[in-house]
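Shown next, in structure tokens, is the structure this report addresses.
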Amino acid sequence: MKRWVVRAGGIFPDGLIAEDVPRPEPGPGEVRIKIFAASINARDLMMVNGSFGEPQRDFIPLSDGAGEIDAIGSEVEGFALGDRVSGLYYSDWIDGPPIPDRGWGLGSSGEDGMLAEWVVLKARRVAAIPTTLKFEEAACLPCAALTAWTALNGDRPYRSPVSKKDKVLITGTGNVALFALLFAKAAGAYVVVTTSTAGKATRARRLGASNTVNYRHDAAWGKSASALAGPFDRVVNAAGSGALDQSITALAPGGEITLIGFLDAARSVPNFLELMTKGGAIRGTSVGGALAFADMAAFIDYYRIRAPIAKIFPMSEAKAAYQLARSGQRFGKVVIAMNANQHSPRRQRFPSR
1 MKRWVVRAGG IFPDGLIAED VPRPEPGPGE VRIKIFAASI NARDLMMVNG SFGEPQRDFI
61 PLSDGAGEID AIGSEVEGFA LGDRVSGLYY SDWIDGPPIP DRGWGLGSSG EDGMLAEWVV
121 LKARRVAAIP TTLKFEEAAC LPCAALTAWT ALNGDRPYRS PVSKKDKVLI TGTGNVALFA
181 LLFAKAAGAY VVVTTSTAGK ATRARRLGAS NTVNYRHDAA WGKSASALAG PFDRVVNAAG
241 SGALDQSITA LAPGGEITLI GFLDAARSVP NFLELMTKGG AIRGTSVGGA LAFADMAAFI
301 DYYRIRAPIA KIFPMSEAKA AYQLARSGQR FGKVVIAMNA NQHSPRRQRF PSR
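Anchor point for the sequence shown: position 102 equals 102 in this note's numbering, and the numbering is continuous, going up by one each time.
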């Protein structure tokens with residue numbers, strides 16, 4: 001089978017190498033997935049550019065992928081050949097808040113990922129994908145979409161999920177931000193999105209944003225966004241700590257900022273005094289567990305949400321896919337297709353896991 005590997009000690013582009021290796025076989029408690037598509041997240045770029053140091057071992061990159069189960073090991077229950085599935089970002093996080101010592105998830109130097117024609121995973125690491133999505137769309141869910149879901153709803157059990165009474169501000173138009181926009185609008189919330197270009201602003205409004213603010217042209221974008229709609233109950237900060245001051249400015253009394261991004265680091269201490277006087281809160285977000293993924297998948301099916309895709313590359317052009325993902329020019333997920341996938345979504349139901 002074909003796969004791509006990040007070499008130990010290597011960084012992109014020379015460290016990303018195509019290989020032909022024997023097809024893996026599942027052992028006890030494992031399933032084999034014929035992968036039809038995988039997608040690139042911001043963290044996947046960091047895994048190959050040296051942001052986390054040079055990898056200490058060869059590994060298959062990409063945390064997000066989807067396909068069909070085509071082989072099942074012994075001691076596996078609840079799955080059948082042909083089930084449409086994806087991997088779960090973290091191992092053994094089933095429910096509740098984040099578990100300790102999670103590592104960096106699939107597609108890191110600690111765990112092989114999804115950029116291969118076949119992948120073997122523990123059955124507990126596998127989840128049914130939404131029945132309404134094609135594989136290329138479902139391959140966008142395990143990291144970016146589930147992070148957005150958790151940012152809006154919190155960890156299970158959900159104490160205050162996003163709803164139609166909420167005003168939501170979302171920073172940027174990256175992968176997580178776009179899913180947050182889609183989920184918040186489906187829940188009936190009023191959503192404002194910050195972005196850097198007029199073109200991206202137009203696309204965000206087409207996806208359902210009620211309004212947009214250009215953060216490159218307006219340093220006081222938090223104040224400007226608040227002027228459009230009144231202060232926000234929720235701010236999904238997908239940029240990083242550098243955007244905290246304006247996020248706090250935009251926040252309503254008693255509101256919550258969910259901090260996801262870490263690319264834009266604060267150069268000074270954020271305005272915690274204003275946060276305190278508003279009675280606001282900052283909550284960190286770290287993807288989500290298996291049952292949260294099942295909730296998200298059901299939500300996607302119910303509201304017929306489509307994953308935003310910028311471009312689909314064949315597996316042979318994986319390096320070009322990485323280049324587009326790195327460019328900042330894309331709007332939506334960059335997807336890599338393999339195994340000549342021509343499958344349409346099936347209208348079958350899977351039990352919640």
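Don't be surprised by glycine CBs; every beta carbon is placed ideally from N, CA and C.
Within its chain, find whatever has a CB closer than 6 angstroms to the CB of residue i; leave out the 5 residues flanking it on each side and keep chain order.
{"i": "residue 113", "result": "60, 61, 62, 63, 106 and 107"}
{"i": "residue 91", "result": "125"}
{"i": "residue 74", "result": "28"}
{"i": "residue 171", "result": "194, 237, 238, 239 and 243"}
State the Cα-Cα distance for the pair residue i and residue j, rounded to the nearest angstrom.
{"i": "residue 270", "j": "residue 260", "result": "16 angstroms"}
{"i": "residue 16", "j": "residue 43", "result": "15 angstroms"}
{"i": "residue 344", "j": "residue 132", "result": "With a pLDDT of only 44 at residue 344, under 50, the local geometry of the prediction cannot be trusted, and no value is derived from it."}
{"i": "residue 166", "j": "residue 151", "result": "14 angstroms"}
{"i": "residue 250", "j": "residue 281", "result": "13 angstroms"}
{"i": "residue 86", "j": "residue 204", "result": "27 angstroms"}
{"i": "residue 29", "j": "residue 70", "result": "14 angstroms"}
{"i": "residue 342", "j": "residue 162", "result": "Annotation note: pLDDT 46 at residue 342 (below 50); position unreliable, no value reported."}
{"i": "residue 2", "j": "residue 314", "result": "12 angstroms"}
{"i": "residue 356", "j": "residue 287", "result": "A query on residue 356 cannot be resolved here, the shown segment of the chain reaching from 1 to 353 and no further."}
{"i": "residue 303", "j": "residue 78", "result": "26 angstroms"}
{"i": "residue 65", "j": "residue 276", "result": "41 angstroms"}
Thinking residue i and residue j are a contact (beta carbons under 8 angstroms), I'd like their distance in whole angstroms, please.
{"i": "residue 191", "j": "residue 213", "result": "Going by Cβ atoms, the distance from residue 191 to residue 213 rounds to 12 angstroms, so no, they are not a contact pair."}
{"i": "residue 138", "j": "residue 333", "result": "Not confirmed; about 11 angstroms, so no contact."}
{"i": "residue 84", "j": "residue 129", "result": "5 angstroms"}
{"i": "residue 382", "j": "residue 22", "result": "Beyond the ends of the chain as shown, which are 1 and 353, falls residue 382; an answer cannot be given."}
Taking residue i as part of the beta strand (DSSP E), name the residues at either end of that continuous run.
{"i": "residue 313", "result": "309–314"}
{"i": "residue 306", "result": "Premise fails: residue 306 is in no beta strand (DSSP E) and is neither H nor E."}
{"i": "residue 258", "result": "251–259"}
{"i": "residue 361", "result": "For residue 361 there is no data in the structure shown, the boundaries of the chain being 1 and 353."}
{"i": "residue 151", "result": "Careful: residue 151 lies outside any beta strand (DSSP E), inside the alpha helix (DSSP H) at 146–153."}
{"i": "residue 36", "result": "30–40"}
{"i": "residue 84", "result": "84–87"}
Just verifying my parser: in three-state terms, what is the DSSP assignment at residue i?
{"i": "residue 272", "result": "helix"}
{"i": "residue 209", "result": "coil"}
{"i": "residue 164", "result": "coil"}
{"i": "residue 335", "result": "strand"}
{"i": "residue 48", "result": "helix"}
{"i": "residue 227", "result": "helix"}
{"i": "residue 79", "result": "coil"}
{"i": "residue 109", "result": "coil"}
{"i": "residue 317", "result": "helix"}
{"i": "residue 5", "result": "strand"}
{"i": "residue 220", "result": "coil"}
{"i": "residue 95", "result": "coil"}
Taking the alpha helix (DSSP H) that residue i belongs to, which residues open and close that run?
{"i": "residue 232", "result": "Per DSSP, residue 232 belongs to no alpha helix (DSSP H); it is in the beta strand (DSSP E), 232–237."}
{"i": "residue 20", "result": "That residue, residue 20, is in no alpha helix (DSSP H); its beta strand (DSSP E) goes 16–20."}
{"i": "residue 195", "result": "Run containing residue 195: none in the alpha helix (DSSP H); it sits in the beta strand (DSSP E), 190–195."}
{"i": "residue 134", "result": "It is not in any alpha helix (DSSP H) - residue 134 carries neither H nor E in the DSSP assignment."}
{"i": "residue 184", "result": "175–186"}
By Cβ distance below 8 angstroms, which residues in the same chain neighbour residue i in space, the five residues on each side in sequence not counted?
{"i": "residue 283", "result": "154, 256, 257, 258 and 259"}
{"i": "residue 95", "result": "156, 289, 290, 291 and 292"}
Within 8 angstroms of any Cβ in chain D, is that where the Cβ of residue i sits?
{"i": "residue 179", "result": "In summary, chain D is missing from the structure at hand, where a single protein chain is found."}
Ignore the nearest five residues each way along the sequence and tell me which others in residue i's own chain have a CB closer than 7 angstroms to its CB.
{"i": "residue 200", "result": "173 and 331"}
{"i": "residue 12", "result": "48, 49 and 322"}
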